[in-house]
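Only one structure is covered here, and it is reproduced in the block below.
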Amino acid sequence: MTNLYEKYKDDPEMLVAISDREGNIAMLEDIFFISKKLDIHYVSADKWNWLHQCNLICAAPLSVVEFYIKHGVEINAQDMYGMTPLHYALRSKNIDAAIALLKAGANPNLPNERGITPLSYINGFPERLDLLQLMLDNGGDVDFFTGQHGILEGIKKYRSQDPKFKPVIELMEKYSKKGI
Numbered sequence: 015m016t017n018l019y020e021k022y023k024d025d026p027e028m029l030v031a032i033s034d035r036e037g038n039i040a041m042l043e044d045i046f047f048i049s050k051k052l053d054i055h056y057v058s059a060d061k062w063n064w065l066h067q068c069n070l071i072c073a074a075p076l077s078v079v080e081f082y083i084k085h086g087v088e089i090n091a092q093d094m095y096g097m098t099p100l101h102y103a104l105r106s107k108n109i110d111a112a113i114a115l116l117k118a119g120a121n122p123n124l125p126n127e128r129g130i131t132p133l134s135y136i137n138g139f140p141e142r143l144d145l146l147q148l149m150l151d152n153g154g155d156v157d158f159f160t161g162q163h164g165i166l167e168g169i170k171k172y173r174s175q176d177p178k179f180k181p182v183i184e185l186m187e188k189y190s191k192k193g194i
């Protein structure tokens, strides 16, 4: 990959993308703090910050996500689609990044423009009760209305016959204010 760094040496945005993918923290530190080619708090016209962008295409290494969190990149910023860095981490199946964001205070209840909250993504990870518990500990609203039904109600309606979802449903029921 060294040839990519050489090829894009005059394109700091591309160098960030490559460094994000490879976990090259030294390069990120150079770009943002030593040579100061880019601002770590930059937000694009699409309202993407660096935490959005690092998981936009593929899962960034945990060290990259932690780097941006450590340097104060906004963890609950919503882009033009209403997506937060937590949405993108979960969409890219980057559970380690999602956990780091949640531990840093990411809100699992912020809906995107389609009404999907990060908590809704538990449908893709029913075996990760640790992730679900962390979202619930961060105030995850299992009764959040998605436009058709609450999150828990939908999981019960469509997933209750799947044994993988039994522990998910049981845990979420403890947090439901509807008593369903």
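So for the sequence shown, the numbering used here puts the first residue at 15; every next one is plus one. We treat Cβ as the ideally placed atom computed from N, Cα and C, and that holds for glycine.
Take residue i as the anchor and find which of the options has the nearest alpha-carbon.
| i | options | result |
| --- | --- | --- |
| W64 | D144, R142 and E88 | E88 |
| T131 | K117, E141 and G153 | G153 |
| G96 | H85, N121 and F47 | N121 |
| E167 | D157, D151 and R142 | D157 |
| R142 | Y102, I183, G129 and G119 | I183 |
| L116 | K84, G129 and M149 | M149 |
| P177 | N137, D151 and D93 | N137 |
| V78 | D151, G37, K23 and K188 | G37 |
| E127 | L145, K107, A111 and H101 | H101 |
| T98 | H85, S190 and A112 | A112 |
| Y135 | A118, Q175 and A103 | A103 |
| I32 | Y56, F179 and L70 | L70 |
| F159 | E187, D53, Y189 and N123 | N123 |
| C72 | R105, G86 and K170 | R105 |
| D60 | R173, S190, D93 and D24 | D93 |
Mind reading off the beta-carbon distance from residue i to residue j? Whole number of angstroms is fine, and I expect it under 8 Å.
| i | j | result |
| --- | --- | --- |
| P75 | I45 | Incorrect: roughly 16 Å between the Cβ atoms, too far for contact. |
| F81 | I109 | Between I109 and F81 the Cβ distance is about 18 Å, and since that is not below 8 Å, they are no contact. |
| L185 | L133 | Their Cβ separation, rounded to whole angstroms, is 12 Å, which puts L185 and L133 out of contact at 8 Å. |
Take the Cβ of residue i as the centre, count every other Cβ of all protein chains shown within 10 Å, and call the residue buried at 16 or more, exposed below.
| i | result |
| --- | --- |
| G162 | Looking at the sequence itself, residue 162 is Gln, so the reference to Gly does not match. Exposed, by the Cβ-count rule. |
| D34 | buried |
| P195 | Since the first residue of the chain shown is 15 and the last is 194, residue 195 is not available in this structure. |
| G119 | exposed |
| I48 | exposed |
| H66 | buried |
| G86 | exposed |
Determine which residues share a DSSP beta bridge with residue i and list them.
| i | result |
| --- | --- |
| F159 | G164 |
For chain C, find out if any of its Cβ atoms is closer than 8 Å to the Cβ of residue i; answer yes or no.
| i | result |
| --- | --- |
| E88 | The displayed structure is made up of one protein chain only, and chain C is not part of it. |
(message) If we require 4 or more residues per run, which alpha helix (DSSP H) segments fall completely within the stretch 44 to 127?
(response) 64 to 68, 76 to 84, 99 to 105 and 109 to 117
(request) Would you list, in sequence order, the uninterrupted beta strand (DSSP E) runs of no fewer than 3 residues that lie entirely inside the stretch 127 to 157? (result) none
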